[in-house]
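Read in my numbering, the sequence shown has 214 at position 181, and its numbers run on one by one without any break. C-beta atoms are modelled at their ideal positions from N, C-alpha and C, and glycine is treated no differently.
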Amino acid sequence: MNLLVVGGGGREHAIIKKLKENPAVETIYALPGNGGIAADAVCVPEIAATDIDAIVDFAASHAIGFAVVAPDDPLALGCVDRLHAIGIPCFGPDAKAARIEASKVFAKDLMKKYHIPTARYEVFDAPEKALNFLKTASFPIVIKADGLALGKGVLIPRSYEEAEAAVKTIMEDRAFGDSGSRVVIEEFLTGPEVSVLAFTDGTAIAPMVSSMDHKRAGDGDTGPNTGGMGTVAPNPCYTEDIAQVCMDTIFLPTLAAMRAEGCPFKGCLYFGLMLTPDGPKVIEYNCRFGDPETQVVLPLLKTDLLTVMQAVENETLGQLTVEWRHASAACVILASGGYPGHYEKGKAISLPASLPGNVTIYHAGDRLADGNLVTSGGRVLGVTATGPTLRQALADAYAAAETVDFDGKYLRHDIGRRALAALAD
Ligand code: AMP
Ligand code: GLY
């Protein structure tokens, strides 16, 4: 069977490597893919992940048996709807269901209507109204651009002056583009954060191993928000008791809410959770696999990924047992110096000749130039190691990260530190 994977980051690389384990898989096409993915799939760099017409034309002419649409933009643009319309089975939500990520206002209103625990919030469509509200607010407070903003459209001002600047950045300067035409202002919550990705066919749900992202650019959770600088799985804060509470108060109610709204969610639903003193609350939903969460979660999946994805598409997930390895995984992102701000591209990447069997390098932001890998994005590589313990996985991921080089290579040195501290408690 030929497969098509839309996207070209580390997440897509992890998905492709896992799909390849199925012996029935012949060719995997990655649109656009990237330099490193080219070792595992046929990449089509000319077709951007947002060029839905070109994706559909390509799929129609390449005997695609199954498609996976991984990033948020094509999902929000209706890529799955369009592929379904030409009879291609897909993994991923349709455009209506993708609103759970594409509009923070949709997500917040859904949670309010169906009593799903989340931070209290207000929505504003004009800067004056937002500023008026902020005059009597307590700080810190959280200001979020409504639409898709590559994980960067969230600002947490600590004073009215900072809040004023934040509203200007989002709503007037449009630092996150049109996603800033409306803002959600919400209560600042505290507690450990947990990412739970879940396979769901709209009714049945199979949560994946939990994980912990590290969103800030700098060590000690300092600096600006990024797409994610590293991940560990499982997340030690997410106990079995908490998992049960989340299933009962968040996961199943969310699926029921989406069905009740006439947009059942099929695909990977990502729950960004905060374990607050008042119980687990939803910080955000994503309509897709997380990046770099996928790079630690999928290496721990025992069940064949294509089989799980087909069960989601066929709405037979409830008949399948999805199994996980009892091990840990850690991923350290190697980024271009300056990310998430300005950074240079085109730096030659040097990789070790061989890697230990428990280490995989997922390629996120590189391309081939005359047959050689050069950097082409902010997050360049994700170095993942699996191991019997989190400590071992982290040590092996960091050791392997040392063996990779490119000009301006930047990484956080404290991925997993909070998770290790939680384990010691
Ligand atoms: P989001 O893109 O919505 O996941 O937000 C990015 C990051 O901002 C989250 O991972 C949290 O660390 C932080 N954040 C978002 N919402 C809140 C909140 N209500 N309270 C505290 N921190 C938050
Ligand atoms: N790592 C966070 C995300 O994928 O949105």
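Would residue i pass as a contact of residue j if the rule is Cβ separation under 9 angstroms?
i	j	result
His396	Leu388	no
Tyr431	Val365	yes
Ile149	Pro286	yes
Ser214	Gly180	yes
Leu339	Phe99	yes
Ile48	Gly40	yes
Ala452	Pro269	yes
Leu37	Ile61	yes
Ala196	Ile174	yes
Phe304	Leu288	no
Met204	Pro257	no
Ile88	Pro104	no
Ser361	Ala426	yes
Val437	Ser383	yes
Gly370	Pro126	no
Ala241	Val355	Note on residue identity: the sequence assigns Met, not Ala, to residue 241. Yes; because the gap between Cβ atoms is below 9 angstroms, this pair is in contact.
Would you identify the three-state DSSP class for residue i, choosing helix, strand or coil?
i	result
Arg191	coil
Glu348	coil
Pro332	helix
Thr60	coil
Asp440	coil
Leu36	strand
Cys112	helix
Ala46	For clarity, residue 46 is His in the given sequence; the question names Ala instead. Residue state, collapsed to three classes: helix.
Tyr431	helix
Ser244	strand
Ser136	coil
Thr202	helix
Gly186	coil
Asn268	coil
Classify residue i as buried or exposed, calling it buried when 16 or more other Cβ atoms lie within 10 Å of its own Cβ.
i	result
Ile119	exposed
Thr264	buried
Arg153	exposed
Gly260	buried
Ala381	exposed
Asn67	buried
His375	exposed
Got a sec? Which residues, its chain only, sit under 8 angstroms from residue i by beta carbon, not counting five neighbours each side?
i	result
Arg292	Gly235, Thr236
Gly253	Asp447
Gln352	Ala344
If you drop the 5 nearest sequence neighbours on each side, which residues of the same chain put their C-beta closer than 6 angstroms to that of residue i?
i	result
Lys137	Lys177, Asp179, Val217
Cys296	Lys129, Ala130
Cys279	Pro313
Please go through the same chain and pick out, in chain order, the residues whose beta-carbon is closer than 7 angstroms to the beta-carbon of residue i, but skip the five residues on each side of it.
i	result
Ser192	Phe172
Glu326	Ser228, Leu230, Ser244, Asp246, Thr264
Lys53	Ile61, Asp73
- Sequence ranges, beta strand (DSSP E) only - wholly within the segment 355 to 388, length at least 3: 361 to 369
- Query: Taking only runs of the beta strand (DSSP E) that begin and end inside the segment 57 to 98, which ones reach a length of at least 3 residues, in chain order?
  - Reply: 61 to 65
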